[in-house]
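The structure appears right after this line, and notes come after that.
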Amino acid sequence: MIFEGLSEKFQNIFSQMKRKGKLSEKDIKEINREIKMALLEADVNFKVVKQFTKNISERAVGAEVLNSLTPGQQFIKIVKDEMTALLGGEIERMDFIDGRRNIFMMVGLQGAGKTTTAGKLANLLRKEKKFKPLLVACDVYRPAAIRQLEILGEELKIDVHSEHDNQDAVSIARNGIKKAEEGFYDLVIIDTAGRLQIDEALMNELVEIKEAVDPTEILLTVDGMTGQESVNVANEFNRLLDITGVILTKLDGDTRGGAALSITYTVEKPIKYIGTGEKLSDIELFYPDRMASRILGMGDVLSFIDKAQNMIDEDKAKQLEEKIKNQEFDLNDFLDQIHQIEEMGSLNSLLEMMPGANKKALKGLDLSGASTKQTEAIILSMTNEERRKPGIINASRRKRIATGSGTSVSDVNRLLKGFEQSRKLMKQMSNPNVSKKGRFKLPFM
Amino acid sequence: MELSLFERMRNRLVKTKDDFKEKIENVMYMGSFDDDFFEELEETLILSDLGAESSMKITDQLRDKIIETRSKSKEEVLGFLKEILISMVDVPVIKPEYPTIILVVGVNGVGKTTSIAKLASRYKSEGKKVVIAAADTFRAAAVEQIDEWSKRIGVDLIKSTTGADPSSVVFDAIGAAKARKADILICDTAGRLHNKVNLMNELQKISRVVNREGQGFTIHNLMVLDATTGQNALNQAKVFKEAVDVSGIVLTKLDGTAKGGIAISLIDEMQIPIEYVGIGEKSEDLIDFDAKKFVDMLFE
Ligand SMILES: Nc1nc2c(ncn2[C@@H]2O[C@H](COP(=O)(O)OP(=O)(O)OP(=O)(O)O)[C@@H](O)[C@H]2O)c(=O)[nH]1
Ligand SMILES: [Mg+2]
């Protein structure tokens, strides 16, 4: 759960406060101390915490809160505002310059996730902006790093420029650009080796690459779980390279948000994207206000809807609606839906965005990966007729399907039951008398 | 002349040391040991990545000690602080008995594979027969990465293809380790975030295979943590320990951070020893960790 620890603490602080009704100056001081501790526990940089709590208490002690009829609400609003500001305020999109080749350089510490993120970004921008991307493999140090990028390229069907015998990252980058010019690639993403910000020789290599290719974006990739060190890292990379933005990775972990909340304030460069999983589609634009809502436990309905809408193919949705109405929805469609869900990322990560989602209850639930694989295996072991008319699947067929898919009969039973239930549910949902408004559709609904 | 491991650690960790010492000295210069002093000290400890909890604990203990002894001397108070820190890291390291299986676990990108290469190279130079299992069958080119390392070091590698079942790679590797009379089998695993239930289940399955098939071997579950991770490292350690009974820690990338404090709070809260620290990317950049000497060094 993203920023779970922090968001739990904030919810506690807020609910204590709401119980109070009126807020005195002393109350505010006390709440501020709690906020300070919560942020420090979350690895937020000390200077940032100081500034943040100072801003809050100044505004809160001023007329804004004390004289208000709903001081609790007012206070929460101030916290939300300030946190949004801390995260960069406005959303920052990439600057794509017309008539110029876009060249991105991925930089960062070892193990931050540069290579995977390079692949994700190329894939996303190809899809959204119709770019023809080229990946350039400049990590000449880590064993098999070049191979890793090549494999990502093969998987995504994106071209990769690599030179296995060349030990000079700068010339590989330069050759990559040449290849992009010749092959009319309009987006070049250069993957570089991870390095420590204090490693002068290697940092200098980045400066040279920068001079050689004149990048339009230099993106510092930072592991979202980085602690107090994140500020030093960002400062140093920024000082030497004048980065244009930050990508935070591994936000599907239980990071407490230290890096997210410290970096923008410190280097005054925006967080542009966040990585939210190991799949190549797990990358999202970064919205400061939505992130603030999530950190403060207010949920993020907007991202949820965006994500759902993005994934749904309008025509398919229409067809599906017809099928449901006519009760023709079968196991083939079911499988289709599962694939759609898989593409959306885990159901868990979606549910987490719901305001007030019961975080404790979600914890044990695992709707991702493993179980969908099993479902898929079971359905694929059925004959086409069985998929279309699940009614005919009797005991002996169940046994055969279980053996064929390497599962047990009870697994098959569970799936068939689940299918029946969702079929019923869908029928109800598609009945216009039941739901008139809010009818954006999610697979499975 | 060969530098001792400890000297190498000291050289590489100058930053941690200088940073900590300078900050503590700044606090000490405040002169009197009043509330401001303790608040300032607590901040300093947090900034060194000791975490809010451990920092508060340390400050409280120090306060008690100062009240108890009525000490006003700077040197004495520094001594108390050092004693407190040393008492926090006093967890014994268990030396392995051979043959042994080391299952290496941790989240993505912390340095598992590199640490395995470093361990293998060290054991090999001690004359041990080492086999490595390439059980990260998930990440692109993970098998190639460990393959290249094992060739460089000159140790055997048991591998399968990307996408294969990691448990079965481990199973095969244990068979091979037995057949080849290896002293040490080191198993690389895919990085996984500790909050992914299905991935943690998969790890437990691997661990079950190790426990079941590895009879006759001592089994050591080694967790790799990245020193630039902040307090989240504690969470990672807790969850992995629950899943596979972690018995030792490798703390990597200590060459990159001035904030060695995480080492202290890790040992204190987990009661698991840090056995090695990684201080660079080459195969010799792994040193034995001596927690007491580490604390000593911070005050030198
Ligand atoms: N500076 C420094 N870099 C390190 C250290 N240990 C590992 N690295 C680097 O960190 C990066 C990631 O290391 P890997 O060994 O691939 O990490 P991993 O945990 O196996 O990663 P995954 O298998 O992808 O989860 C590599 O570039 C290593 O060279 C260390 O002690 N210091
Ligand atoms: Mg690895």
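Respectively, the protein sequence lines represent chains A and B. For what it's worth, the numbering used here labels the leading residue of the first sequence as 77, then goes sequentially. For what it's worth, the numbering used here labels the leading residue of the second sequence as 97, then goes sequentially. We put the beta carbon where it would ideally sit given N, CA and C, even for glycine.
C-beta atoms of residue i and residue j nearer than 8 Å
i, j, result
"A:A220", "B:Q241", "yes"
"A:M93", "A:G148", "yes"
"A:L211", "A:L200", "no"
"A:T342", "A:T297", "no"
"A:L327", "A:K156", "no"
"B:R288", "B:M296", "yes"
"B:E309", "B:P262", "no"
"A:I154", "A:R176", "no"
"B:G202", "B:V293", "no"
"A:M279", "B:T325", "no"
"B:E222", "B:T314", "no"
"A:E452", "A:L411", "yes"
"A:F362", "A:K348", "yes"
"A:L317", "A:I339", "no"
"A:M181", "A:P291", "yes"
"A:K190", "A:D262", "no"
"A:V236", "A:I253", "no"
"B:S379", "B:A213", "yes"
"B:K170", "B:S144", "no"
"A:G333", "A:V183", "no"
"A:E239", "A:I227", "no"
"A:D406", "A:R464", "yes"
"B:I64", "B:L330", "Residue 64 of chain B lies beyond the residue range present for chain B, which begins at 97 and ends at 396; the question has no answer from this structure."
"B:L318", "B:I198", "yes"
"B:I368", "A:G303", "no"
Residues of its chain near residue i, where Cβ-Cβ distance is below 8 Å and the 5 sequence neighbours each way are ignored
i, result
"A:L116", "F122, V125"
"B:A238", "T209, A230, D232, T258, D284, A286"
"A:K98", "P147"
"A:I89", "I107, E110, I111, A114"
"B:R276", "K225, V227, D252"
"B:D391", "Looking at the sequence shown, residue 391 of chain B is not Asp but Val. Answer for B:V391: K178, L181, I182, V185, I360, listed in chain order."
"B:T348", "V206, G207, T210, S211, V320, L321, D322, A323, V373, G374"
Buried/exposed call for residue i, threshold 16 Cβ in 10 Å
i, result
"B:S217", "buried"
"A:G440", "Unreliable placement is indicated for A:G440, whose pLDDT of 42 sits below 50; no coordinate value is reported for it."
"A:S444", "The pLDDT assigned to A:S444 is 47, lower than 50, so where the model puts this residue is not dependable; a value taken from the coordinates is nonetheless given after this. With 16 or more Cβ atoms within 10 Å of its Cβ, A:S444 is classed as buried."
"A:A245", "buried"
"B:F234", "buried"
"B:L177", "buried"
"A:G514", "Any reading at A:G514 needs caution, since the residue's pLDDT is 39, under 50, leaving its predicted position unreliable; the model's value is listed next. Counting Cβ neighbours within 10 Å, A:G514 comes out exposed, since fewer than 16 surround it."
"A:V283", "exposed"
"A:L456", "exposed"
"B:F116", "buried"
"A:N178", "buried"
"A:K130", "exposed"
"B:P188", "exposed"
"A:H415", "exposed"
"A:F516", "Interpretation of A:F516 is limited by its pLDDT of 38, a score under 50 that renders its predicted location unreliable; no figure is taken from the coordinates."
Contact set for residue i: own chain, Cβ-Cβ below 6 Å, skip 5 residues either direction
i, result
"A:K436", "Annotation note: pLDDT 47 at A:K436 (below 50); position unreliable, no value reported."
"A:F86", "L372, G373"
"A:F495", "F410"
"A:M367", "L163"
"B:N307", "none"
"A:D442", "Since pLDDT at A:D442 reaches only 46, below the 50 mark, its modelled position is unreliable, and the value read off the structure follows with that caveat. Hits under 6 Å: none found."
"B:F395", "K178"
"A:R202", "P209"
Sequence-distant residues of the same chain with beta carbon closer than 7 Å to residue i, five excluded per side
i, result
"A:K96", "D103"
"A:Q243", "V216"
"A:G165", "P364"
"B:F78", "It is not possible to answer for residue 78 of chain B, since the shown part of chain B is limited to 97 through 396."
Neighbour flag for residue i against chain C, beta carbons, 8 Å
i, result
"B:T353", "You won't find chain C in this structure, because its protein chains are A and B."
**Request:** Report the residues of the stretch 238 to 268 of chain A with a CB closer than 7 Å to any CB of chain B, ordered along the chain.
**Result:** none
**Message:** Any C-beta of chain A within less than 7 Å: which residues of the stretch 313 to 345 of chain B qualify?
**Reply:** D322, T324, T325, G326, Q327, N328, N331
**Item:** Interface positions of the stretch 313 to 333 of chain A facing chain B (Cβ-Cβ less than 8 Å), listed along the chain
**Value:** K326, D328, G329, D330, T331, R332
**Prompt:** What residues from the stretch 237 to 251 of chain B come within 7 Å of chain A, judged by C-beta to C-beta, listed N to C?
**Reply:** A237, E240, Q241, E244, W245
**Asked** Taking any Cβ of chain B, which residues in the stretch 120 to 141 of chain A have a Cβ under 9 Å from it, in chain order?
**Response** N121, F122
**Request:** Could you list the residues in the stretch 146 to 160 of chain B with a C-beta less than 7 Å from some C-beta on chain A, going in chain order?
**Result:** A148
**Message:** Residues of the stretch 180 to 205 of chain B in Cβ contact with chain A at a cutoff of 8 Å, in chain order, please.
**Reply:** V203, N204, G205
**Item:** Interface positions of the stretch 211 to 225 of chain A facing chain B (Cβ-Cβ less than 9 Å), listed along the chain
**Value:** Y217, R218, P219, A220, A221, I222, R223, Q224, L225
**Residues within the stretch 355 to 379 of chain A neighbouring chain B, beta-carbon criterion of under 9 Å** = none
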